[in-house]
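Going letter by letter, the sequence shown gives residues 9 to 1182 in this note's numbering.
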Amino acid sequence: MGFKFSYVCDLLSGLERNRHLKATSTARAQNPDFRIISSWFLNYSKRLYDKDTDLLAVLSCLLPEKRPDRVYFLQHASLARIIGRCLYLGASRLKDLGRWQVSGGGDLGECVENVMSQAENQIPPGQEVTVEEIDNALQEIASCCRFSGPSVRRKHAAVDFDEVLGSLYRRLSSRDAKWLTRMILKSYHPVQIPVDYFLKKVHFLLPHLLLFQNSLEAAVELLKSPSLKLFPPQPQSDFANLLSDKALEHLVPRLGIKIGRPEYYKARSIKHCSNMIRQRRMSLERKYDGEYCQIHIDISKGQDCIQIFSKSGKDSTLDRAGIHDVIKRSLAIGDTNCKVSRRCILEGELLVWDDRDCQIMEFHKLRKFLSRSGVYIGADLDSQPKPYEHLMIVFFDILLLDDDICLSKPHRLRRLLLKETVRIAPGRAEISEQEIIDFSRPDAIRRLQLALSRSITERWEGYVIKACDEPYFSILSPEKSDSFSRWIKLKKDYIPGLGDTADFALIGARYDAKDAPLLSKVRQLSWTHFFIGCLDNKEDVVRQTSSPRFRIVDMIGTHSLNENDMQVLNQWGKFAACDVDSNTAFDCYSIQNSLPKMDVAFKTPFVVELLGSGFDKAGNAQYYTLRFPRVLKIHWDRSFKDTVSFTELQDLAEKARAVPTEELQEENALWFEKVVSTDKKNEYIVDKSQSTTTSSFTCTSSLSKSASLISPDLTPPSVKQTPASLIRANKQNPSKAFSQSPSVSSLNKHERTLSLIHPLSKLNSTSTLHAASSDLHSASSDLHSALSTLYSASCSKRPKISASTSSSTMENSIHLDQAPQQSLRARGSPIPRALTTSIGSISANPTSQLPHTPRLASGFTTPLRENPNLAECPNPKRAVATYKEAWKFIADAADVAKKNEDENYDIGDYHLNKKDSRHLQVPLKSPLSTIPIYCGEFGFQEDMFRQAPREFTFSAKHFVKSLGFPHTREALQWSNPAAAEFGIAMGIVLVNIKDPSRVLAMQLYNLGNLVTSELSQPNTELPSQGKIFFLDSRILKAGGHEGINNDIFLLNDWWTEYGTQYFYATVSWRQDRSTAPSNSGPRRVIDQINKFGARALHFGEPAAAKIINLYEPSDVEVLGEFVSVRPNVHLFGDRYKDPNVRTAEDDKFHYPLDIPDPNGGLGIRYPQQQPFFV
């Protein structure tokens, strides 16, 4: 006994009952069909893997669309007649069976169920229908159809359809008969089986097998092979990946079985396309408008060595006989210099070439060259092939060459191998046109826009974009993400505003039961298809001298209308519908024989805007119409008089198809402007506020000549909505927050946000923060104390930005200081020695003295996208300076900076003496590669850490101890020499964005206690001061293709502008060695966390170690100590010379530095600078 068909129907019925559940919001989290499928396998898996069960028969029944080799040539009407005879139905029941033809009567399967339920079949035990019986019956029926595959037709025998199907229907219940009917029609709609999930439940290797051998029969055969039959169908998740990698050794292409194709994305805009590409190197291949074919070459078969498969997987060798000789000559088969010794698999596109005009002809010309199982479909009105017209092939990939399986090779190597294998014969056999664009370059977006505009101008169909360094399938690469190795299709009709559009009239409709199941969500469905009409006498109609006469040019249905538009047309069309014969509003006719007749006409036609993928001639038609039309909009304010006439439609088609000759450049420029205008937001300009503990102000300055020193405009993973009062310098009204920057020329000015470091006096755990005023021309030694302040300022009592959702709490929260307190240095330059002086700050309660000072509008938002319930911080006592005094300092400092820029100061101007250069023992390294990293609570993620080739710590205790290891302290000087010199420890904790805020708070609590405990040990190696930064785990991907080793992480400007977007919090400590530890052990001076969500409090009591938690993004800036790389210029102004650079010539220039976008957008590649000498 095989596998009962009723078991299959149990699954299909369960999925059908899920239709209403899938429409609810709960289905968005997880597809409810997964639960049904899992439950079904739990019940029937033992029977499924039984030795008597034919797994291929089960898969063929559940996935009939996966059998393109079987064509039954049974449509609704013919199958209904056979069923009526098989069941011996009378007149009344035949009438009920025919209700599938009426709107609202259900599909044929439902009608069969209703008819059979009136007299259920009595099935004796042991006589149930099995899937093996059904599979054999359908195989016999398919063998009689000429459109079936060659392997199926070889088993052809005389078959009585009534007898074969009658023996099945008479032993089925009404429910099971419904699903058999739908199976024969190859559509289970409205049920849609999630194919990938179902195949994985059958066997975890089955989806992979179908990639290499796109045939259910071949895949099942491979599962039974000695190499794979010992693999368990459902291994434990821990071993599934390991077994998959092992199985890849046995997954190889086979001649005679089509290889699957990678999935692809549709680019909806240039920005969307670049976001999917990220910073990869891509190949733009011209997309040819032809017939896809996969060519298998088996030299051992002699003259019959060629086998060709179509896109659907059907063997079309005989139908493509006209191209066989061209393929043999292009591969030099039979010659001594043929590159193919035994076998080969190639991919290409079949086209028609015109020798007279030396160009590729339109798609519809293929109809008279390519048959379908020997029948030329849609070519009744086409002219005979001309002597100068012939087939050609354009190759674009090679998948197998003898024993070399090219699927695992990157695309660029496959292209090189293809060029070596194929002989080019113009007009006969060619290789697809290609353009390479490196999207890590700043001009990549513009090049893509130019390429698209060129393709439109030259009337190409578009591009297929493939990664140059990726294999054919993603499973052949270590990075097996869903988007990996997927192709991207870029066509003008995919991008809003670029496709061919026109207004058309919908003059009638009809109901087709075949498509009704696809529209199950449309209420009161009356029609499934609508007819497009064009006026033949538009001028006379406009002049109101004659009645309208429409020519029916096309018909649109489910693929052209979304559900909303279909619902609207069905609802409002009833008010304008009338019988076609009784319609007096207009005349209509059709000259296309392939179009069916209308059921109703609309007395008032609907006006719709249609978008098409160019223009083409439909089958059995001699006029042009939109290709693949889709409805963009229904125009209620327009009349059919405003629609395009038939003559205008042909004129539009002629202009759209004709390639300009004399005005090619002008049209190309126009299309380029249009491409750019459709993607105006694609300039990757990040408009974000500063998230610091001090106010910021903006000023304008000339663009720096030291371009490599300026941080790029990158798009962070999640731009935090951190408020900041942007105060503009205005000496006349210092209390006013300026909203306008000074008026400057947009051509030579650049708006920058500058801020001022005020170096602090000696800090200790018990003293309050003091800032003494000093002269602007302070000694250079103050510069070092300024940077030291950057690391130790966290131990001071700075006011915090309080985040709270409560309005009352917001009123009492600490406000942002109104005096800027960050580094007033030009971006990308060292700290000017003249600007490293101290200034006072405003009082702890600025609003009491400055009533007009702008206040903080809202709370600080972390990358967690939620505001923790933060406690308030006590106001520290600060030295007081007047507001005008602060602004005077800023204005004077800005003048100094402006003067330096006017004098063309370069980076090296601050350290021209050779004594300012320090010789490194090793080259500089990124801080992400030298600072210890703890992976937090979210554990190991292979896809993430594969991109970061370094050691990670998964133990919090070991992580804290490692901060004091000698090799850790030594490695720190390679990235943060100042921190190493001051004896400051640094560590990084990776945070998962999906974790709730309480997880972060708990980590802060635990690590703070571990630091306190370690510092209390008598012989601890942990430095007395240090910082642990909590950063978003996506920081590992911010370096682009260079990963964590990217030199960008050395730059202080990058951390200032973009590193803050990855910041969550900091644990900072400073131990007072003069304070003896208490007898009661280490004091845990940590956040007083209320329900693991409260903000850190600052404690001022003497203790063995002062540990505080900071939520100020500016704190992360200390990770970057350099303002330039190549040359290596430190914030102090020192230049660090690499010992590997031995010639003076190497020191003359700044080498280009690739700056990638952490979110996958446009990167910036800075040009070389002016010569610079040490």
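Note that the Cβ used here is the ideal one computed from N, Cα and C, for glycine as well.
Remember, predicted model here, so these are calculated numbers, not experimental data.
In the DSSP assignment, residue 1136 falls outside any alpha helix (DSSP H) and within the unbroken beta strand (DSSP E) covering 1136 to 1138. The beta-bridge partner set that DSSP reports for residue 298 is empty.
Put simply, the backbone Cα of residue 605 is about 8 Å away from that of residue 518.
Taking C-beta separations shorter than 7 Å and ignoring five residues to either side along the sequence, the partners of residue 430 in its chain run 338, 339, 403, 437 and 439, following chain order. Annotation note: the region 521 to 577 contains the following uninterrupted beta strand (DSSP E) runs of length 3 or greater, listed N- to C-terminal: 537 to 543 and 557 to 564. Between the beta-carbon of residue 167 and that of residue 140 there is about 17 Å, and that puts the pair past the 8 Å contact cut.
Around the beta-carbon of residue 41, 16 or more other beta-carbon atoms lie within 10 Å, marking it buried.
Segment contact: the region 621 to 635 against the region 528 to 539, fewer than three CB-CB distances shorter than 8 Å; contact not assigned. When the five nearest sequence neighbours on each side are left out, the beta carbons in the same chain lying within less than 7 Å of the beta carbon of residue 967 are those of 940, 942, 961 and 995, in order along the chain.
The criterion of a C-beta distance shorter than 8 Å is satisfied by residue 407 and residue 261.
In the same chain as residue 499, and ignoring 5 residues on each side of it, the C-beta atoms closer than 6 Å to its own belong to 470, in chain order. Secondary structure within the region 261 to 313: the alpha helix (DSSP H) runs of 4 or more consecutive residues, fully enclosed, are 278 to 285 (chain order). For a cut-off of 8 Å, the C-beta gap from residue 184 to residue 14 is around 6 Å, short enough to register as a contact. The beta-bridge partner set that DSSP reports for residue 356 consists of 301 and 403. Per DSSP, the unbroken alpha helix (DSSP H) holding residue 661 starts and ends at 654 to 665. Nearest C-alpha to residue 348 among 358, 426 and 1138: 426. The C-alpha of residue 1076 is placed about 43 Å away from the C-alpha of residue 482. CA-to-CA, the gap between residue 111 and residue 531 works out to about 11 Å. When the alpha-carbon of residue 388 is set against those of 200, 1014, 600 and 57, the nearest one is in 600.
Inclusion of residue 23 and residue 278 in the CB contact set at 8 Å is not warranted, their separation being larger than that value. Per DSSP, reduced to three states, the secondary structure at residue 1077 is strand. For residue 999 against residue 1041, the beta-carbon gap comes to about 6 Å, under 8 Å, which counts as contact.
Comparing alpha-carbon positions, the option among 323, 210 and 1127 lying closest to residue 1038 turns out to be 1127. Beta-bridge analysis with DSSP links residue 1132 to 1137.
Exclusion of the five residues before and after residue 610 leaves 514, 515, 516, 581, 584 and 585 as the residues of its chain whose Cβ lies within less than 7 Å of its Cβ. Taking all protein chains shown into account, residue 143 has 16 or more neighbouring C-beta atoms within 10 Å of its C-beta and is therefore buried. For the pair of segments examined, the region 1054 to 1061 was found not to touch the region 1023 to 1030: the number of CB pairs separated by less than 8 Å stays below three. By the C-beta density criterion, residue 1138 is buried, having at least 16 other C-beta atoms within 10 angstroms. In terms of Cβ geometry, residue 224 and residue 75 form a close pair [threshold 8 Å]. In this structure, residue 146 lies away from residue 196, with their beta-carbon atoms at least 8 Å apart. Listed in chain order, the non-local C-beta contacts of residue 473 below 8 Å within the same chain comprise 275, 281, 285, 290, 291, 292, 293, 495, 496, 497 and 498, local neighbours out to five positions each way being set aside.
When C-alpha distances from residue 974 are compared across 1020, 991 and 420, the shortest belongs to 991. One alpha carbon belongs to residue 265, the other to residue 62, and they sit about 21 Å apart. Residue 420 and residue 477 have their C-alpha atoms some 7 Å from each other. The Cβ atoms of residue 627 and residue 386 sit closer than 8 Å to each other. The Cβ atoms of residue 300 and residue 319 lie closer than 8 Å to each other.
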